[in-house]
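Heads up, the thing below is written out as structure tokens.
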Amino acid sequence: MERENGKPAIEPTTLWDFPKQSYGKTPKGNWKFNGVTPAGVIWNMLQRYTKESDIVIDPMCGSGTTIDVCKEEHRKVIGYDIAPTRPDIIQNDARKIPLENDSVDMVFIDSPYGDNVKYSDHPDCIGKISAEKDEFYHELEKVAKEIHRILKKGKVVGWVIGDHWRSNSGFVPVGITIYQMLAKYFEPVDIICLTRKHQRSNTDIWKQRAVQHNFYLRGFKYLFIMRKC
Ligand SMILES: C[S@@+](CC[C@H](N)C(=O)[O-])C[C@H]1O[C@@H](n2cnc3c(N)ncnc32)[C@H](O)[C@@H]1O
Numbered sequence: 164m165e166r167e168n169g170k171p172a173i174e175p176t177t178l179w180d181f182p183k184q185s186y187g188k189t190p191k192g193n194w195k196f197n198g199v200t201p202a203g204v205i206w207n208m209l210q211r212y213t214k215e216s217d218i219v220i221d222p223m224c225g226s227g228t229t230i231d232v233c234k235e236e237h238r239k240v241i242g243y244d245i246a247p248t249r250p251d252i253i254q255n256d257a258r259k260i261p262l263e264n265d266s267v268d269m270v271f272i273d274s275p276y277g278d279n280v281k282y283s284d285h286p287d288c289i290g291k292i293s294a295e296k297d298e299f300y301h302e303l304e305k306v307a308k309e310i311h312r313i314l315k316k317g318k319v320v321g322w323v324i325g326d327h328w329r330s331n332s333g334f335v336p337v338g339i340t341i342y343q344m345l346a347k348y349f350e351p352v353d354i355i356c357l358t359r360k361h362q363r364s365n366t367d368i369w370k371q372r373a374v375q376h377n378f379y380l381r382g383f384k385y386l387f388i389m390r391k392c
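Under the numbering used here, think of the first position of the sequence shown as 164, with each following residue one higher.
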């Protein structure tokens, strides 16, 4: 991202029209990774909720977008994943994070939304569990408890998640169910709707399916920003 007088050229007041994955001096994550997080979402949260040298954790780091954004913004960062895609990601199950209580300034997580995407063959990948099963929410609740444990008091987690729709099972409100679970542990700061211009569902075949099965083309995900009190 271009900077003027040491300040970001774009103020973190909105997520709209944010530059793509390739802003700044270094690449951010891997846009070919299935389920990659837009780097601007993480950048925006860093500007709002952290300062230089703060420690940021991503327990499900995927292609490493959080690591790359944090490094460029001079934040300390640890990225974990059950199936690391590169050497600077530490292999770890997000249900048990190897960090002290109250030790972290911000957590960012873009978790599986169910079993709609294959991330890896690892048997402990939560992305192998259908969002139609209670088990999916129980396992993500274990992750939420760990995030709550490691965050310092007053600090926030940003959790990205989307809903589920299939022609055989219909609509499953994954996002709202996860929000209700998070609200047991955290105080809400904000709920952001993340829209993407280049959604895979924005194609003729998906438009035909949407008409045939009478469902909306869902072009958004949630970003839940929650604070540890
Ligand atoms: C939506 S992707 C994250 C994308 C990432 N933010 C990026 O920009 O590339 C979800 C990730 O959760 C990881 N994951 C699934 N179950 C996990 C578990 N039990 N512990 C840690 N990571 C897990 C998957 O391997 C996958 O990389």
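For glycine and all other residues, C-beta sits at the position ideal for the given N, C-alpha and C. Just so you know, these numbers come straight off a predicted model, no measurement behind them.
For Y379, verify whether its CB is less than 8 angstroms away from any heavy atom of ligand 1. Because no heavy atom of ligand 1 lies under 8 angstroms away, the Cβ of Y379 does not count as near it: no.
Taking 8 angstroms as the cut-off, does the CB of A307 come closer than this to any heavy atom belonging to ligand 1? No, the beta carbon of A307 sits no closer than 8 angstroms to any heavy atom of ligand 1.
Looking at C-alpha atoms only, which residue of I292, L380, V219 and D287 is the closest neighbour of D256? Nearest option by C-alpha distance: D287.
With a CB to CB cut of under 8 angstroms and the five nearest residues on each side skipped, what residues in its chain are close to R381? Cβ within range, chain order: G325, D326, W328 and S364.
Take R211 as the anchor and find which of L303, F271, K195 and T228 has the nearest alpha-carbon. Looking at L303, F271, K195 and T228, the one whose alpha-carbon comes closest to that of R211 is F271.
Limits of the alpha helix (DSSP H) - the one that E113 falls within: No answer is possible for residue 113: the residues shown for the chain start at 164 and end at 392.
Applying the criterion that 16 or more other CB atoms from any shown protein chain within 10 Å of the CB defines a buried residue, is E263 buried or exposed? With fewer than 16 other CB atoms across the displayed protein chains lying within 10 angstroms of its CB, E263 is exposed.
One question on the structure: do S226 and V199 come within less than 9 angstroms of each other, judged by their Cβ atoms? When the beta-carbon positions are compared, S226 and V199 come within less than 9 angstroms of each other.
Using the beta-carbon count (16 or more within 10 Å), is A202 buried or exposed? Counting the other Cβ atoms within 10 Å of the Cβ of A202 gives 16 or more, which makes it buried.
Can you tell me whether W328 is helix, strand or coil according to DSSP? Strand.
Where does the unbroken alpha helix (DSSP H) through D231 begin, and where does it stop? T228 to E235 is the span of the alpha helix (DSSP H), which, as asked, contains D231.
Return the residue from the list V319, N193 and Q343 that minimises the CA-CA distance to P247. Among V319, N193 and Q343, the Cα nearest to that of P247 belongs to N193.
From the DSSP output, which residues share a beta bridge with L357? Within the DSSP bridge table, the entry for L357 names K384 as partners.
Does ligand 1 have even one heavy atom less than 8 angstroms from the beta-carbon of R258? R258: yes, Cβ under 8 angstroms from ligand 1.
Please confirm if the region 336-349 is in contact with the region 298-310, defined as three or more CB-CB distances below 8 angstroms between the two stretches. Output reads yes: the region 298-310 touches the region 336-349.
Does any heavy atom of ligand 1 sit closer than 8 angstroms to the C-beta of A294? False, no ligand heavy atom lies under 8 angstroms from that Cβ.
Please confirm whether any heavy atom of ligand 1 lies closer than 8 angstroms to the CB of C356. No, since every heavy atom of ligand 1 falls outside the 8 angstroms radius drawn around the Cβ of C356.
My parser needs the beta strand (DSSP E) runs of 3 or more residues fully inside the region 184-259; what are they? Counting only runs that start and end inside the region 184-259, the beta strand (DSSP E) elements of at least 3 residues fall at 218-221, 239-244 and 252-254.
Spatial neighbours of C224 in its chain, beta-carbon cut-off 7 angstroms, leaving aside the 5 residues before and after: Residues I230, G242, Y243, D244 and I252 of the same chain have their beta carbon placed closer than 7 angstroms to that of C224, with the five preceding and five following residues left out of the count.
Indicate the three-state DSSP secondary structure (helix, strand or coil) for I272 in the structure shown. Strand, per DSSP.
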